[in-house]
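Asker: Attaching a single structure in structure tokens format; questions to follow.
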Amino acid sequence: MPTKKNPRLPSCPRSPSRRLHPLRELSSPLIEEADSQGESAETEDSNSDPETEVALRAASQVVPVGGQQVIAPSRHIVQQQRQAMTAVRKFISPRTFRGSLDEDARQWMERYETISAHNGWGDAEKRNNFSMYLDDTARNWFLCARVPNDWDDTAAQPAAGGNPATPAVTGLRSMFLKEFQPDNYGLFQETRLRSRTQGMDEPTVRYYYEILNLCRLVDPNMLEAHRLEHLFRGLRPALLRKIYPMKPKTCEEFLTLA
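Using our numbering, the letters of the sequence shown correspond one by one to residues 32 to 289.
This is the structure:
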């Protein structure tokens, strides 16, 4: 019995209709190799470049979508895109410093350097980005003052090897603190420390860490016994009667008993 021809196939030796037979045009060696997942493919064009074919296979893969073959980006490209998106999401912008009397320049600088480390800024980036986070009085100072090009101080170098001696150069960080941190900064923080008392409804954890932070600002190497004295001094009377008889030896023990 003679085989019945498919009426939808063309009778003349021309390429099949792309609308009726969309997959016929996708029979290139690259796609057939991707479909067979490593099986043998048809003979490649004699003029094709093997290095180009390898690069194409490494750069993309063919996946079926809706009955058709679609070239998808390779894994390493997707990974690079995800890493770039993650880096953008994790960026933190420092707070703006205005130079008002109620702002603490030293604590602002500590925060700025912490955020700079998180964002991956080196000394050059910290120096170049610094003015973007200044406003009002602080920005006017930056625009009018002769600010140095370096972030950190440069130590003086003696003459050696025929080179002349170089003087010490103040960096931008030190110049900023000298301008906006009061000369009696330590005395000011000590006054705050001695006058700090716990409010009637204030959580003990908040009071505890603020006292320890003030101790750090007054003296980073303050003894444990002195820090305990400051904790007891402003403690709420009810808690003082509860904790003091237990004689805690460390600040951590003080917080546990509270």
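By construction, the Cβ of each residue, glycine as well, lies at the ideal position given by its N, Cα and C atoms.
Relative to the C-alpha of Gln202, which residue among Trp182, Leu270, Gln212 is closest?
Answerer: Position 171 of the sequence shown, counting from 1, holds the residue named residue 202. As written in the sequence, residue 202 is Gly, which differs from the Gln given in the question. Comparing Cα positions, the closest option is Trp182.
Asker: Determine the DSSP secondary structure at Val109, reduced to helix, strand or coil.
Answerer: The residue given as residue 109 occupies position 78 in the sequence shown. Three-state DSSP puts Val109 in a helix.
Asker: Using the rule of at least 16 other Cβ atoms within 10 Å of the residue's Cβ for burial, across every protein chain shown, is Leu132 buried or exposed?
Answerer: Here the question's residue 132 lines up with position 101 in the sequence shown. Looking at its Cβ environment, which holds fewer than 16 other Cβ atoms inside 10 Å, Leu132 is exposed.
Asker: Could you give the first and the last residue of the continuous alpha helix (DSSP H) run that contains Leu245?
Answerer: For the purposes of this step, residue 245 is taken as the residue at position 214 of the sequence shown. Note, Leu245: alpha helix (DSSP H), 235-249.
Asker: DSSP state of Asn180, grouped into three classes?
Answerer: Locating residue 180 in the sequence shown gives position 149, where the first residue counts as 1. Note: Asn180 maps to coil in three-state DSSP.
Asker: Using DSSP with H/G/I as helix, E/B as strand and the rest coil, what is Asn194?
Answerer: For the purposes of this step, residue 194 is taken as the residue at position 163 of the sequence shown. Strand.
Asker: Work out the CA separation of Arg267 and Gln160 for me, nearest whole Å.
Answerer: Within the sequence shown, the letter at position 129 stands for residue 160. Within the sequence shown, the letter at position 236 stands for residue 267. The amino acid occupying residue 160 in the given sequence is Asn; Gln does not appear at that position. Their Cα atoms are separated by approximately 44 Å.
Asker: Counting Cβ pairs closer than 8 Å, one from the region 141-150 and one from the region 177-196, do we hit at least three?
Answerer: no
Asker: Expressed to the nearest angstrom, what Euclidean distance is found between the alpha-carbon atoms of Phe207 and Lys280?
Answerer: Position 176 of the sequence shown, counted from the first residue, corresponds to residue 207. Position 249 of the sequence shown, counted from the first residue, corresponds to residue 280. Approximately 39 Å between the Cα atoms of the pair.
Asker: Could you tell me the boundaries of the alpha helix (DSSP H) in which Arg223 lies?
Answerer: Your numbering for residue 223 matches position 192 in the sequence shown. 216-226 is the span of the alpha helix (DSSP H), which, as asked, contains Arg223.
Asker: Please classify Glu283: is it buried, with 16 or more other beta-carbons within 10 angstroms of its beta-carbon, or exposed?
Answerer: Reading the sequence shown from its first residue, position 252 is the one you call residue 283. So Glu283 counts as exposed.
Asker: Could you tell me the alpha carbon to alpha carbon distance between Gln111 and Lys121, rounded to whole angstroms?
Answerer: Translated into positions along the sequence shown, residue 111 becomes position 80. Translated into positions along the sequence shown, residue 121 becomes position 90. Approximately 15 Å between the Cα atoms of the pair.
Asker: Using the beta-carbon count (16 or more within 10 Å), is Tyr143 buried or exposed?
Answerer: Locating residue 143 in the sequence shown gives position 112, where the first residue counts as 1. The residue is buried, with at least 16 neighbouring Cβ atoms inside 10 Å.
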